[in-house]
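The structure appears below as structure tokens.
Numbering (my numbering), first residue to last: 404 to 522.
Printed below as a string of structure tokens:
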């Protein structure tokens, strides 16, 4: 089961499973992955199933969404990708737990507290 897990930022350790329905990311209490990061929009981004895979979409947030350090409006996800919103880094991984050394996708897995990945 795909999993979004915060690996850096104020909500480190928070997670949300991605199933058949979209998961919103933002500060709003209605978000599937609700964050406290003040740099994140109320409803910032969305991770959703798309053509048998998953994609991330920026929802017209003020500061944008990055994927593996590149600003994106919409992009297909691979396990191991790092989504950055505000000062928060989110790993798109597998299962209920993600190995801290996972490098399966298109990005290297940062170590917890590695603030350079959110730059």
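We treat Cβ as the ideally placed atom computed from N, Cα and C, and that holds for glycine.
Using a Cβ-Cβ cut-off of 7 Å (strictly less than) and excluding sequence neighbours within five positions of residue 465, which residues of its own chain qualify?
Reading the chain shown from its first residue, position 62 is the one you call residue 465. Contacts found: 444.
Determine the DSSP secondary structure at residue 460, reduced to helix, strand or coil.
Taking the first residue of the chain shown as position 1, residue 460 is located at position 57. Residue 460: strand per DSSP, three-state reduction.
Residue 482 - partner residues in DSSP beta bridges
Mapped onto the chain shown, residue 482 falls at position 79. None, per the DSSP bridge assignment.
If you pair each beta-carbon of the segment 462-481 with each one of the segment 438-453, do three or more pairs fall below 8 Å?
yes
Quick one: what's got a C-beta closer than 7 Å to residue 442's C-beta in the same chain, skipping five residues either side?
For the purposes of this step, residue 442 is taken as the residue at position 39 of the chain shown. Only 466, 489, 490 meet the Cβ criterion.
Assumed close pair residue 407, residue 436 - CB separation to whole angstroms, cut-off 8 Å:
Counting from 1 along the chain shown, the entry for residue 407 is found at position 4. Counting from 1 along the chain shown, the entry for residue 436 is found at position 33. Sure, about 5 Å apart at Cβ, within 8 Å.
According to DSSP, is residue 442 part of a helix, a strand, or is it coil?
As a position in the chain shown, residue 442 is number 39, starting the count at 1. Coil.
Beta-carbon within less than 8 Å of residue 423's beta-carbon, same chain only, minus the 5 sequence neighbours each way: which residues are those?
Taking the chain shown and counting its residues from 1, one reaches residue 423 at position 20. Closer than 8 Å at Cβ, skipping near neighbours: 452.
Of the residues 483, 492, 455, the one placed nearest residue 468, counting alpha carbons only
In the chain shown, residue 468 corresponds to position 65, counting from 1. Taking only the C-alpha atoms, the option nearest residue 468 is 492.
In three-state terms, what does DSSP make of residue 492?
Locating residue 492 in the chain shown gives position 89, where the first residue counts as 1. Residue 492: strand per DSSP, three-state reduction.
Cut-off 7 Å between Cβ atoms - residues of its own chain near residue 419, not counting five sequence neighbours on either side
As a first step, residue 419 is located in the chain shown; it is residue number 16 there, counting from the start. Taken in chain order, the residues that qualify are 407, 426, 435, 436.
Assuming residue 421 and residue 405 make a contact with CB atoms under 8 Å, what is their CB distance in whole Å?
In the chain shown, residue 421 corresponds to position 18, counting from 1. In the chain shown, residue 405 corresponds to position 2, counting from 1. Yes, residue 421 and residue 405 are in contact; Cβ-Cβ is about 4 Å, under 8 Å.
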